[in-house]
Structure formats: C-alpha cells, structure tokens
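*Asks:* Mind looking over this structure? Questions follow.
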Amino acid sequence: MIKEWLLSDLYNLNRYNLKEWLPFKNSHQKAFEDVYRNTIALNDNHLLVGWYKGTQLLAMCDGEVCEKTFFVKNILSVSQAFGFKECLMMLEKIVKSRRLTTIYLPDFSDVSLAKERLLRLGFVKQSSPKEGYYYTVTYHTGIVLGGGGARGSYQVGAWHALKEMGIKYDLVSGTSVGALNGAFMVQGNLEDAEEMWRNIATKKILNLSLDETEHKTREKLIKGVKVLTSSALKENGVDSTPLYHMIETMVDEEKMFDPNKKPIEFYFIATLAPKMEEVVVSLSDIQKEELSKWLLATSSFYPAMKACEINGQYYIDGGYRNNIPKDVLVKHGATELIVIDVKGPGFIKPTRVPRDVTETLVSSKWGLGAVLLFDKERAVWNMQQGYLDTMKAFHVYEGTWYAIKSTTYKKEIITLTKHFLAYLKTSKDVKKLGKKISVQWIMQHHIQPEVFGVFLLEETAKMFLVDPSKVYSLQELEQELVKSFDEKKELVDENMLISLGEWMIDYVKQTVPFSEKTVLEYAYHLIDEKSDIVERLFEVSWRQVLQAMFIRFLKERNK
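Residue numbers (my numbering): 47 to 605.
Structure representation (structure tokens):
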C-alpha cells in the first residue's frame, strides 16, 4: 500500500530507522536533508510516498512528476531486506496511481550490482532526457462497475473522465446497472450512454404509472415508493419490459461480438434463483442474440422487479451474490483495477487484491439518490459527480467533498491554515481561544495541519449546501461559502429527485435544535458579545465553534 506523506509527517521521520537504499546522495544525512528540502518547497509535482505492508512502513520514495515520467530522487528503506523486486512494485504503484508511463532512476556509477539488477528487471540505460535508467510501465486495466439502479448514471460520468484523461481499459466487469453501463463501455459509445441517462425516466425502465413532473417534492417521492411497492407485491415484481426494449435498442450485438475488433473482455454477474448461486457471464459463454436477455437478468432486482427467465431457468440481480465483481477481473489478469462504486444495495464479496495490483476507488461522498426511481435531472447531477470524483481520484483536481483546481495547491492550503491561525491569535473577539489552537492541538485532534484550513472550508461549505457539482479555486469556494451562509439556502432542490434517506439526513442536519449547523450559527452570533459562552461551547463543540470563527475569518479575508 502507498500513502502520500505531507510536510507534518516529517515530524515522525526520526522514529523510523530509514536509510538510503542505494547511494543516491552517498550520505544518510544528506539524503534526509534533501527529503526535507524537497518537501518544504511545496511543489505540487513533488511526491513523498510511504510504502507499507499493513501498517508497517517498509520504505519511502522521494521524487517528482514531470509530464508522464516519475523522476526518483531518493529511496529510503527500513530494512536491508527491501529488495529490487519490492522496490519496483512500490514504484509501479506510485506511477500507476497517477497513470504515468515511465520511471527514472539516476545512474549509480559505483554500484555495478545495482546496474545489473535494474537491467534484469527491465530498466534501460539512456542518456536522454537525463542520464540514468528508464523503465516503461505496462497496463492491463480492468474497470469494475458496481450495481445500484438509478445511481448508475454516476458511472457514465466517471467513464467520460477516463476518456478525457486518455485512460484505456482491457477488461470490464459489472453487476446490474454496472453490467448495462459496462456493455456501453465495451461498445465504446459514450455519447449514446450519456444521452440515454439525460433522458431517463422510471417509465422507461419499469411498467409503472408515476407522476414524473418537474417538481420533485418529498410527497411525490413517497407516493412513487408506494406505487412501486404496491405493484411489486401484487405482480410478484414490477414488469421490466421497458428496460428490455431499451437494452435491445442501445446494445449493438454486432459491435460486441465483432471478431475483427480487438476484444475488451466483458464479464457480468447474475444470480440463479431459487438456489441463489452466482453466475459469471462472459461474451464467450453466450450467443449474441441472448445478450440483451442476460443484461436484463443481471438487472432484475427481485422482488421489486420480476425475475428473468432464460432457457427455463430464472435469474435475478447479480448484486445478491457479488455487487462489486473485483475478483472476476483479478482472476482474468488485470494489473490495475478502477472500481466505480455507486453504493447500491447488495452483497460485497470479500476479495483479496494482490499487492502488485493497483486499485483505484471512485466513489461519491455525496448521496446519489434513489435506486429504483429514475429521474433525468438527478442523472445529470450524478454524471457530473462521477466525472469530478474520477478526476480527483487521478489527481487532476484536489479536494475531499469538492473539486478544487490549482497548480499551487500545497502552498495555497498551508497559507490558508497559517492565515486562519494568525487571525485566531490576533482577533480581539477570540484571542483566548486563539492561544489554545496550535499546530500541536490540531495534530492531537487527528487533523494534519497542512489541510486544517481546507478541511474547515469543505466541511462548512457542505453544511451550508454549496453546490458540489462545480469546479472551484480555493478563493471561489471561500466566496461561495460566505454567500451561502448569508443567503441561508433552501433545504431541498425540487428540480432533482432525492432519496428518502438523503432527505431525512439533510432535514436533521438543517432543522433539528442543537444540530451541528444550529450550534455553528449560535456560536457565530455570540462571538461579538459573549466570548465567555463561546469558550465554554468550544469545550463541547470545538468543531462548530471553529467553523463559526472560520466564516468570520473568510468574511474579513474576502472583503
């Protein structure tokens, strides 16, 4: 496992018995000085990465990304048992996490054994663009698409991002809606898939009579759930003929089974009823005229939907046995997994992913709506979230809850933290509290000081319903937070369908007395006049008090 180190992680560097693995600097002291100097520079292209087995640190790599090459500046290891193969595995993990193509190691003029081992592993000595050893990374990438019904539009947004970044794939596995999207990915018709989701409606999936007008109120959501439940109970599952017709229209069997085209391996999961056995289906297992029926089978979320009959056997949703089929692609030789999980209902099969397989998870921290009620406005929103989360997963954008674009992100977030801490120490309203909040206090609360400011920014923006479907600079996100705080945005956007779970969570957060939001607003209005009460409140709700102070700070900063 790899983990990127931040500047504050260097405080713990001395407790590890790290030594130069090869003579990059010919001195352990010089090596450490170089690592500190490179990290303190706060260059966004610089990477300091720990290599772990479980929680145990094995080695640390210091390097820099330039275009598609990772230039290794130093490797420090804990044990002499850290060998060349293990080192290459670490370097490949680092490079593949950013979809780079080349690894560079400098020339070790006085270590002939190192040269021999590097050449044996596939490194090539070159003089250009820089004298040293170069290794070309190969990819055999698999896309794993989880089940989740109407949330599946998120996966098409993720696909759009992968295509934009030029990320190719050799294998695809999917369950339920993930299998449908997987079929589109194998065909390669992104535009058709996007168009389908932009115009989606429940009536195009299920044979139901629903009020699908523009305004998506809580009452209409509850009514829709009632209609769906009633129909499923009466008919032993809702008729999914509309979905079958859509599959037949959208899936091009000739393209999928074209012998002249380099095949993308495609696997999807169905569940054989009533035995509840997992069935892994591949294109080599079936006739092309059966494909649409099998794609219906993997998506038949019984008992809400009718079971699907194929050759006298009944099949239901593959999510009952394997909702995120990573194991299938590991078995078929994927060396990288990109897992796009929409958190649909289903069984997550325990899968041991080998250490030499790089796994990238794309998943939303935001809710993605209902599973069986389809809404085109929600689908468009989910596609945008899938796009942004995928760009963040491959470090095109930064951020946790929001997508933040910056070429100087490391410097900007440290500056934000420094300015906020300075504000706390100098503001007459909160001077006593400001003395308490130090770098040590922040670390004691399990937050890294570098990200403290942006942590408060994102958490508070989320609380005040700042739109997460846009790309922001740090300054734009700050301004949007202040604006949302002053405007007091409405709880529900009635132009987009949300699930009952999302509605309940937001309702509690926004309206219940002593919720995090109400405590924040209470603290904000007390800061001017009753700082003693704010100090007592800080002891029990430090996060909300700090968020209130942070909004004050932003208002002054953005005057």
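Where is the CB? At the ideal position from N, CA and C, for every residue including glycine. Everything numeric in this text was worked out from a predicted model, so none of it was measured.
Closer than 8 Å by C-beta to S530: which residues in its own chain qualify, once you throw out the five before and the five after it? Chain order, please.
*Replies:* A507, F510, L511 and V512.
*Asks:* Taking only the alpha-carbon atoms, compute the straight-line gap between T85 and F78 and give it to the nearest angstrom.
*Replies:* Taking C-alpha positions only, T85 is separated from F78 by approximately 11 Å.
*Asks:* Can the beta-carbon of V385 be found less than 8 Å from the beta-carbon of V190?
*Replies:* yes
*Asks:* Mark K411 as exposed unless 16 or more other C-beta atoms lie within 10 angstroms of its C-beta, in which case mark it buried.
*Replies:* exposed
*Asks:* Reducing DSSP to helix, strand and coil, say where Q494 ends up.
*Replies:* Q494: coil per DSSP, three-state reduction.
*Asks:* For D532, which of helix, strand or coil comes out of DSSP?
*Replies:* D532 falls in the helix class under three-state DSSP.
*Asks:* So which of L122, G220 and S123 has the shortest CA-CA distance to P373?
*Replies:* The identity of residue 373 in the sequence shown is Asp, whereas the question assumes Pro. Taking only the C-alpha atoms, the option nearest D373 is G220.
*Asks:* If you follow the alpha helix (DSSP H) that N84 is in, where does it begin and where does it stop?
*Replies:* H74 to I86
*Asks:* Of the residues D435, I493 and K451, which one's Cα is nearest the Cα of T463?
*Replies:* Among D435, I493 and K451, the Cα nearest to that of T463 belongs to I493.
*Asks:* Pull up the CB-CB distance for V442 and M211, whole angstroms please, since I reckon it's below 8 Å.
*Replies:* 7 Å
*Asks:* Would the region 349 to 358 count as touching the region 167 to 181 if we require 3 or more Cβ pairs under 8 Å?
*Replies:* no
*Asks:* Rounded to whole angstroms, what's the CA-CA distance from F128 to Y455? Just pull it up for me.
*Replies:* Between F128 and Y455, the C-alpha separation is close to 33 Å.
*Asks:* Select from Y181, S561 and D216 the residue whose C-alpha is nearest the C-alpha of K307.
*Replies:* D216
*Asks:* Just checking, does the region 116 to 123 make contact with the region 62 to 80 on the three C-beta pairs under 8 Å criterion?
*Replies:* yes
*Asks:* What did DSSP end up calling K119 once you bin it into helix, strand or coil?
*Replies:* strand
*Asks:* Look at F117 and Y82 and say whether their C-beta atoms are less than 8 Å apart.
*Replies:* Using a Cβ distance threshold of 8 Å, F117 and Y82 do not count as a contacting pair.
*Asks:* Rounded to the nearest angstrom, what separates I8 and L375 at their Cα positions?
*Replies:* Any answer about residue 8 is impossible in this case: the structure gives the chain only from 47 up to 605.
*Asks:* Measure the CB-CB distance between Y313 and V326 and report whether it falls below 8 Å.
*Replies:* Yes, Cβ-Cβ distance for Y313 and V326 is below 8 Å.
*Asks:* Going along the chain, which unbroken runs of the beta strand (DSSP E) with 3 or more residues stay wholly within the region 192 to 247?
*Replies:* 217 to 221
*Asks:* Roughly how many angstroms lie between the CA atoms of H261 and T248, to the nearest whole one?
*Replies:* With a pLDDT of 49 at H261, under the threshold of 50, the modelled position of that residue is not reliable, and the figure given next carries that caveat. Those two C-alpha atoms are separated by around 15 Å.
*Asks:* Under the three-state reduction of DSSP, which class applies to F312: helix, strand or coil?
*Replies:* Under the three-state reduction of DSSP, F312 is assigned to strand.
*Asks:* What is the rounded straight-line gap between the Cα of D55 and the Cα of K280?
*Replies:* Across the structure, D55 and K280 are spaced so that their CA atoms are roughly 60 Å apart.
*Asks:* Looking at the strands, I want to know which residues DSSP matches up with E324.
*Replies:* T317
*Asks:* Quick check on DSSP: helix, strand or coil for K411?
*Replies:* coil
*Asks:* Would the beta-carbon of L419 fall within 8 Å of that of A350?
*Replies:* no
*Asks:* Please report how far the alpha carbon of L470 lies from the alpha carbon of F584, in whole angstroms.
*Replies:* 14 Å
*Asks:* Should P305 go down as buried or exposed, given a rule of 16 or more other Cβ atoms within 10 Å for buried?
*Replies:* exposed
*Asks:* Helix or strand or just coil, what does DSSP make of E355?
*Replies:* strand
*Asks:* Is Y433 buried or exposed, if buried means 16 or more other CB atoms sit within 10 Å of its CB?
*Replies:* Burial of Y433 is indicated by the presence of at least 16 other C-beta atoms within 10 angstroms of its C-beta.
*Asks:* Classify I394: buried if its beta carbon has 16 or more other beta carbons within 10 angstroms, exposed otherwise.
*Replies:* exposed
*Asks:* Between which two residues does the beta strand (DSSP E) carrying D108 extend?
*Replies:* Unbroken beta strand (DSSP E) run through D108: Q102 to C112.
*Asks:* When you compare each of L572, A449 and H491 to P514 by their alpha carbons, which one comes out closest?
*Replies:* A449
*Asks:* Just to check my reading of the structure: Y181 and T381 have Cβ atoms closer than 8 Å, yes? What is that Cβ distance to the nearest angstrom?
*Replies:* That pair is no contact at about 15 Å.
*Asks:* Using alpha carbons as the reference points, say which of M242, G195, I310 and Y200 lies closest to G234.
*Replies:* I310
*Asks:* Return helix, strand or coil for Y290, following the three-state DSSP convention.
*Replies:* helix
*Asks:* DSSP state of V170, grouped into three classes?
*Replies:* strand
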